[in-house]
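Protein sequences appear in the order of chains A and B. Each residue of the first sequence is one higher than the last, beginning at 9 in the numbering used here. Each residue of the second sequence is one higher than the last, beginning at 3 in the numbering used here.
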Amino acid sequence: MLDKDKEDIEIARNAKDIINQLAVFIRTAHIHDPGNVAVMTAVERFIATINPMIERGNVLTLDLVGEFFYLNESRVRYSMEYLLNFDFLVREFKRRGLGSVTINRKISPEDVQTFLKSFISCSYSGSPFDTLSDEMSKVDSLSVGPLKKIKEEGDVDVKKMVKKTYFNAVSFTKGVINKIKSGERVSLKKAKRVVESMVDMILEEEELLIGMTAIKDYDEYTYNHSVNVSILSVALGQRIGLSRKALTDLGLVALFHDIGKMEIPPEILNKPTNFNDDEWRVIKKHPFWGVRAILRLKGLDYTSVRTAIVAFEHHLNYDMSGYPKISRPLELDFYSKIVSLADQYDAMTSSRVYSRVPMAPDKALSIMLERAGTQLDPLLFKFFINMVGVFPIGTLVLLDTKELGLVYGGNTMFQDRPRVLVIIDSTGNRVKGDVVDLTEKNVSGKYLRTIVKTMDPNKYRINLAEYML
Amino acid sequence: MEVSEDIKSAKDILQTILKARKTIRMYPENNPIYRKTVEESFSKFEEFFGFKENLGLKIKQNEIFLDTEQIYFSSEKEDNLALFFFKDGLRELTFSRGMSQSELEDFLRIIALDFDREAVDDDVVTLLWEKDFQNIKYVADEAFLLEDEDYEAEAVKEVKSKAPETDEVLKAYAAAFDSEDVREVAIINLTDKDLQALVKEIEKDLHDKTPKIYEILFEMLAQSESAAEYEDIQRLLRDVFSYCVKQGNLKTVVDLMKKTKELADDPSAPEAMRRQMRILLSTVNSPESVKSVGEIFASDVEVDENVLAEYTGFLEKEAISPFMSLLGELESIRGRKIVINILIQLGKKDIQAVARGLQDQRWYLVRNIIYILRHIGDKKAVEYLLSTAKHTDERVRKEAIKTLGELKSPLALQTLKDCLNDADQSIRKSAVKALGNMGSETAKRIILENVSDKDFGNRDFEEKREFYEVLSHWSDAETADFMIKILKKRSFFRKAKNDEDKACAAHCLGLMGNKDSLPVLQKLRDSNNRLLREYAAVAIKKIENAR
Numbered sequence: 009m010l011d012k013d014k015e016d017i018e019i020a021r022n023a024k025d026i027i028n029q030l031a032v033f034i035r036t037a038h039i040h041d042p043g044n045v046a047v048m049t050a051v052e053r054f055i056a057t058i059n060p061m062i063e064r065g066n067v068l069t070l071d072l073v074g075e076f077f078y079l080n081e082s083r084v085r086y087s088m089e090y091l092l093n094f095d096f097l098v099r100e101f102k103r104r105g106l107g108s109v110t111i112n113r114k115i116s117p118e119d120v121q122t123f124l125k126s127f128i129s130c131s132y133s134g135s136p137f138d139t140l141s142d143e144m145s146k147v148d149s150l151s152v153g154p155l156k157k158i159k160e161e162g163d164v165d166v167k168k169m170v171k172k173t174y175f176n177a178v179s180f181t182k183g184v185i186n187k188i189k190s191g192e193r194v195s196l197k198k199a200k201r202v203v204e205s206m207v208d209m210i211l212e213e214e215e216l217l218i219g220m221t222a223i224k225d226y227d228e229y230t231y232n233h234s235v236n237v238s239i240l241s242v243a244l245g246q247r248i249g250l251s252r253k254a255l256t257d258l259g260l261v262a263l264f265h266d267i268g269k270m271e272i273p274p275e276i277l278n279k280p281t282n283f284n285d286d287e288w289r290v291i292k293k294h295p296f297w298g299v300r301a302i303l304r305l306k307g308l309d310y311t312s313v314r315t316a317i318v319a320f321e322h323h324l325n326y327d328m329s330g331y332p333k334i335s336r337p338l339e340l341d342f343y344s345k346i347v348s349l350a351d352q353y354d355a356m357t358s359s360r361v362y363s364r365v366p367m368a369p370d371k372a373l374s375i376m377l378e379r380a381g382t383q384l385d386p387l388l389f390k391f392f393i394n395m396v397g398v399f400p401i402g403t404l405v406l407l408d409t410k411e412l413g414l415v416y417g418g419n420t421m422f423q424d425r426p427r428v429l430v431i432i433d434s435t436g437n438r439v440k441g442d443v444v445d446l447t448e449k450n451v452s453g454k455y456l457r458t459i460v461k462t463m464d465p466n467k468y469r470i471n472l473a474e475y476m477l
Numbered sequence: 003m004e005v006s007e008d009i010k011s012a013k014d015i016l017q018t019i020l021k022a023r024k025t026i027r028m029y030p031e032n033n034p035i036y037r038k039t040v041e042e043s044f045s046k047f048e049e050f051f052g053f054k055e056n057l058g059l060k061i062k063q064n065e066i067f068l069d070t071e072q073i074y075f076s077s078e079k080e081d082n083l084a085l086f087f088f089k090d091g092l093r094e095l096t097f098s099r100g101m102s103q104s105e106l107e108d109f110l111r112i113i114a115l116d117f118d119r120e121a122v123d124d125d126v127v128t129l130l131w132e133k134d135f136q137n138i139k140y141v142a143d144e145a146f147l148l149e150d151e152d153y154e155a156e157a158v159k160e161v162k163s164k165a166p167e168t169d170e171v172l173k174a175y176a177a178a179f180d181s182e183d184v185r186e187v188a189i190i191n192l193t194d195k196d197l198q199a200l201v202k203e204i205e206k207d208l209h210d211k212t213p214k215i216y217e218i219l220f221e222m223l224a225q226s227e228s229a230a231e232y233e234d235i236q237r238l239l240r241d242v243f244s245y246c247v248k249q250g251n252l253k254t255v256v257d258l259m260k261k262t263k264e265l266a267d268d269p270s271a272p273e274a275m276r277r278q279m280r281i282l283l284s285t286v287n288s289p290e291s292v293k294s295v296g297e298i299f300a301s302d303v304e305v306d307e308n309v310l311a312e313y314t315g316f317l318e319k320e321a322i323s324p325f326m327s328l329l330g331e332l333e334s335i336r337g338r339k340i341v342i343n344i345l346i347q348l349g350k351k352d353i354q355a356v357a358r359g360l361q362d363q364r365w366y367l368v369r370n371i372i373y374i375l376r377h378i379g380d381k382k383a384v385e386y387l388l389s390t391a392k393h394t395d396e397r398v399r400k401e402a403i404k405t406l407g408e409l410k411s412p413l414a415l416q417t418l419k420d421c422l423n424d425a426d427q428s429i430r431k432s433a434v435k436a437l438g439n440m441g442s443e444t445a446k447r448i449i450l451e452n453v454s455d456k457d458f459g460n461r462d463f464e465e466k467r468e469f470y471e472v473l474s475h476w477s478d479a480e481t482a483d484f485m486i487k488i489l490k491k492r493s494f495f496r497k498a499k500n501d502e503d504k505a506c507a508a509h510c511l512g513l514m515g516n517k518d519s520l521p522v523l524q525k526l527r528d529s530n531n532r533l534l535r536e537y538a539a540v541a542i543k544k545i546e547n548a549r
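Given below as structure tokens:
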């Protein structure tokens, strides 16, 4: 048993290297001939990693599920340095409809050569996976399997869980803010539990939870906004490879970034018209009040210190042009930069008392693009836009099939081909909830659907959240 | 396997866990008992997994069940394993085949934490979550986190009530075919350079965050306008200060104090603000602060000497008493040395406060305080030290006598004189050395008187030599004459003792380098007494070499 444990640990340790090496030689083979020295060196390295594990009696199965690789059913987590190669491999697998590669006996350079040649040539065929599968049937040590559809659509339990996680978080935030308002000393232990649930959901069901951020209840704006910013921050954190623990810290920090607002008199906070100078002066004090509120929580620790920093800095801006005005420039905290992005995006796409009509997600993103480098960190913005996609979740789109839909989930590889929830079919009838993947092609290799137009969903009070609940 | 065996084995595992929990609390992880306990616990699980895939436990307030069978019960409030899990919302715990020993050890270390006593920021569920065990799964009830159970239903109702009418959606559909264009947001591809820049950002993010938070608080202070606001920020800074101290980062503490001092001394700052800064500065002297700093000294954390000196510079006499308490409590030699050095610096501000510690019952603490007073070097300490020369512990008395000698106060003469006749030889020796250190005429006279006493000759040779050696410090004519007189003394009785005295006198003259004594020493070189012969020869050599 102990040996098996060791073996599993060994496989897990090698998992990211296996995927990385696979990506390296496929990438190299795209440039050079598969028999080239550079390719063969990479292939040999791959074989040197694989064969010792096979010799010890293991069968290795690499599965692609959604956007993630699993080696022998364990999700492969990777660090930043591997991100591009992982993304490349996901894209190449998906392009061929390839879902799994199984190695059940020792592989030779010739076996890998056959795989490589077939892998490259099959992408030109009408049905790449079938071509690849036929070619690979000649090799005993390696077999391939088709890409399986993820079953998130219609998976009621998952949706329920996501919904529960979201509303638990909002309810909790409301409770905590009210407690702090009434002077109670609040511990962050419970808040951590709430955020841990969100982190779990983001790791497993990122798109569904991001979809929930489309809920922009303006009566409960502060609480929904806090949770939305937390979700978007954690999602960005996950994209840039932060650990689970760091994601919890980030989620907590984001959840309380606006806590200082509870001290703004409601008559100012809920004012339906523009703020005058005096009111602005009050609004601009909320970062100060935030620091005070957080540092007064029960017991100072790493998280509360970090939360206070972000509460102070989240309106400072990348170029220090924001507020509060400070005497000496500060170097913005990494989490402040992330939270600022999430905060601006959610605020712009929300309806608030003084701005009843929210912006369409793609418009918000265009404005943020202009602000990247001045108000917003340009590097993190790149990752943010890659996360929300050029057609962010909740965007109202018209397809070339004359269907109208809402963007339901992004696609990291093909950013202009998200998954779309169709709300009106091609005959003009209102329908409920079919999710279509815009990367799907017909037998001749042409895309089944393409976005031809985006529209402002708020103009028609259309909100993705209603379809998700 | 029989059901009863199944239950029996699970019960056995729970008992092993309970035992392991206690052992892990008691021993460090490299201790053989600790290691053996972990291995034993693991083998119990291995045994179970030999015939079953999973061990699934259901947790209630005071009970733990395997399926429907109760396998643990306790109604205690403390040391109740079921309650320990239950109170944080843990309801199910499943251990699966494939669990490694290190996984089990990590699990045992979590449940061994004493959440009531140790400063643990997280609950048991969070700690399990952070470990992300592959073969230990749990189900936690999140209901207790909810502030309002009906919130979800009401919120969903609210969102749905705002759903647009069909007309609105169809209106959107109709408008979709108008002239509105696709809003293009360019695809931004990530490059290797972006990734490298991000890695750098993430690495930079590992830096300590406390300097940033106090920078922010000082910024807030600068923008504050009322005395109440100054006081408020001062309190927050005090909390940050305590946090830094608890974190063991003395450098950050010092930087924070420097900044505070700058403001406290800034004449252009409002007086109300400066007052608050002075209050903050005084925090460093509080017993709580000193106690926390003591934890740094007691740990293995390297303390930079310059930082330590800067820290000491911020301390005021109010810190003396807490530091003396700390000195009595610290067990590590390194820690005590640091505190002693701090007290040597700090004690200069209030000798009396340091001297109060001389009343302590712990001999080692009293000895340390005497050492501190000696290094402070203030004669004012003598009046407090006199009584310690009569302390019940010999080690304390020696330290006191040595210190009295080094402080060179005439006030100590009588006490040292008394000590010359102490029953304990080592005390007498210490006292004569102390008098030698004083170097005064009176001190010399006291020793000469003592040496001249008729009973002195009966003392042990080593002791007598010590007295004569001390007298050599004066190196004057009176001492030389006294010694030569002894050398010339004739005696028919107690000849051996008389020769010992002469040997001591020869030793003294040799150390003095007194050439006038050479003729008489030459004579003694041929003495029948071997001891005297040898001492005379050595003395002659020393005097000649000194020429």
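We put the beta carbon where it would ideally sit given N, CA and C, even for glycine. Just so it is clear, the structure is predicted and the values come from calculations on it, not from any experiment.
- Interface flag for Q63/B against chain A is unset, since no Cβ pair is found closer than 9 Å.
- Scanning I204/B, K46/B and V368/B for the CA closest to the CA of S11/B turns up K46/B.
- Sorting E105/B, G512/B, K400/B and G330/B by C-alpha distance to the C-alpha of V540/B places G512/B at the top.
- Listed as beta-bridge partners of D210/B by DSSP are no residues whatsoever.
- Contact of G250/B with chain A is not assigned, every C-beta pair being separated by 9 Å or more.
- The beta carbon of A436/B does not come within 9 Å of any beta carbon belonging to chain A, so the residue lies off that interface.
- Residue nearest to T462/A within the set R314/A, T110/A, A46/A and I401/A is I401/A (criterion: CA-CA distance).
- Contact annotation: the stretch 438-451 of chain A does not touch the stretch 16-27 of chain B, with fewer than three C-beta pairs closer than 8 Å.
- For E217/B, the nearest CB of chain A lies under 9 Å from its own CB, placing it at the interface with that chain.
- The alpha carbon of E42/B has as its nearest neighbour, out of N82/B, L437/B, E107/B and T96/B, the alpha carbon of E107/B.
- The beta carbon of T128/B falls within 9 Å of a beta carbon belonging to chain A, placing the residue at that interface.
- Taking C-alpha positions only, D351/A is separated from E275/A by approximately 23 Å.
- Between D503/B and G459/B, the beta carbon gap of about 6 Å places them in contact (Cβ cut-off 8 Å).
- According to DSSP, residue pairing for Q72/B in a beta bridge involves F67/B.
- Taking 9 Å as the CB threshold, K182/A lines the interface with chain B.
- Using a 10 angstroms sphere on the CB of N516/B, the tally of other CB atoms reaches 16 or more, which defines it as buried.
- Residues are counted here when their Cβ sits less than 7 Å from a Cβ of chain B; for the stretch 198-210 of chain A these are K198, K200, R201, V202, E204 and S205, given in chain order.
- Here DSSP, grouped into helix, strand and coil, assigns Y78/A to strand.
- One Cα belongs to N370/B, the other to Y245/B, and the distance between them is close to 30 Å.
- A distance below 7 Å between beta-carbons, with the five flanking residues on each side excluded, links A46/A to the following residues of its chain, in chain order: T36 and H40.
- DSSP places L422/B outside any alpha helix (DSSP H), giving it a letter other than H or E.
- The Cβ atoms of F77/A and V84/A sit closer than 9 Å to each other.
- Boundaries around R252/A are those of the alpha helix (DSSP H), R252 to L263, since no beta strand (DSSP E) includes it.
- For V415/A, the closest C-alpha among the options S126/A, T458/A, S241/A and L97/A is that of T458/A.
- About 5 Å separates the beta carbons of S149/A and D119/A, which is inside the 8 Å limit, making them a contact pair.
- A straight line joining the alpha-carbon of S312/A with that of Y74/B spans about 38 Å.
- At least 9 Å separates the CB of L282/B from every CB of chain A.
- In this model, Q121/A and S82/A are separated by some 27 Å (Cα to Cα).
- Taking the beta carbon of Y468/A as reference, the chain B residues within 7 Å of it are P166, E170, V171, K173 and A174, listed in sequence order.
- Nearest in C-alpha terms to S104/B, of all of V40/B, F50/B and E94/B, is V40/B.
- Cβ-Cβ separation between K419/B and I378/B: approximately 25 Å, too far for a contact (criterion under 8 Å).
- By the neighbour-count definition (other C-beta atoms within 10 Å, threshold 16), K487/B is an exposed residue.
- As the crow flies, the alpha-carbon of E339/A is around 33 Å from that of I223/A.
- Under a 10 Å Cβ-count criterion, R376/B is classified as buried, with 16 or more other Cβ atoms of the shown protein chains found around its own Cβ.
- Contacts between T212/B and chain A, judged by CB atoms closer than 7 Å, involve V313 in chain order.
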